[in-house]
Structure formats: structure tokens, C-alpha cells
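What follows is a set of notes on a single structure, which appears directly below.
Numbering (UniProt numbering), first residue to last: 1 to 132.
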């Protein structure tokens with residue numbers, strides 16, 4: 001790759017691609033060295049797709065604060081889905097828990113996060129058992 005980079009004009013499209021690739025090469029090699037890393041980003045793309053679709057609707061939010069609230073709620077919902085929670089039950093649990101306290105602390109928020117293992121089983125999607 002060094003030979004190709006030396007022979008390509010730095011400002012040419014090929015030169016730019018080779019330089020960019022050379023910068024990323026060490027990170028790309030990590031995929032080969034660490035078997036736990038995913039080669040594709042399909043899960044991320046799948047999670048972002050609904051956001052892109054909803055983005056058009058947010059153009060018509062009446063205020064920036066309303067748009068921010070919509071985006072925050074959307075983020076909570078998608079994070080709950082990603083953590084295998086039943087979204088409706090999780091939102092009810094979240095609103096009930098937050099309405100019962102006067103001061104919202106970091107510790108309380110951590111307990112309410114969708115990835116917290118201590119959330120009740122009633123909030124989680126149960127995978128069907130495999131039959132032999």
C-alpha cells in the first residue's frame with residue numbers, strides 16, 4: 001500500500017482514498033484480531049432507520065423545546081427496544097417512578113436506565129423457549 005500511496009498524486013481522488021485507507025488500516029486490522037467485533041453495522045442502521053423517518057415530522061415541531069422533547073422520548077423508546085424491554089410497560093414504570101420523587105438523583109436515573117439488570121422481569125420481553 002505504501003508504494004501505491006507514494007505513486008498516487010496526493011490531491012487526486014485515488015491519493016485521497018489511499019491516504020484515508022492508510023489512516024484507518026490499524027482500526028480495520030482490529031476486526032481480524034478481536035473475534036468479538038462485528039464486521040457490519042446492521043444493528044446500528046436498523047436502529048437509526050426509524051429516526052430518519054421521524055426526522056421529517058420533527059421539522060414541523062412548533063418550538064425547539066418541543067422538537068427536543070420529541071427526540072428525547074424517541075431516544076428513550078429506541079433504547080428500551082434495544083434492551084429487550086416492553087416499551088409501554090417501561091414508559092409507565094419510568095413515569096410512575098419519576099413522579100414519586102421530589103429530587104431526581106443520578107443514582108435514581110441509573111436504576112431506571114433500560115440496560116439496568118435490576119429492572120423487573122415484567123418489563124422484559126421473554127424469548128419463547130425452544131422445543132427439542
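Ideal placement from N, C-alpha and C gives every residue a C-beta, glycine not left out.
Taking 4 residues as the shortest admissible run, the segment 92-126 contains the following complete alpha helix (DSSP H) segments, listed from N- to C-terminal end: 106-112. In the DSSP assignment, residue 73 forms no beta bridge with any residue. Note on residue 80: 16 or more other CB atoms within 10 angstroms of its CB, so buried under the neighbour-count rule. Considering only 99, 123, 21, 71, the residue with the shortest C-alpha distance to residue 55 is 71.
DSSP places residue 18 in the helix class (H, G or I) of the three-state scheme. In this structure, residue 85 sits near residue 123, with a CB-CB distance shorter than 8 Å. Under the three-state reduction of DSSP output, residue 24 falls in the helix class. Between residue 9 and residue 15 the beta-carbon gap is near 5 Å, inside 8 Å, which marks them as a contact. The residue among 117, 119, 99, 78 with its C-alpha nearest the C-alpha of residue 51 is 78.
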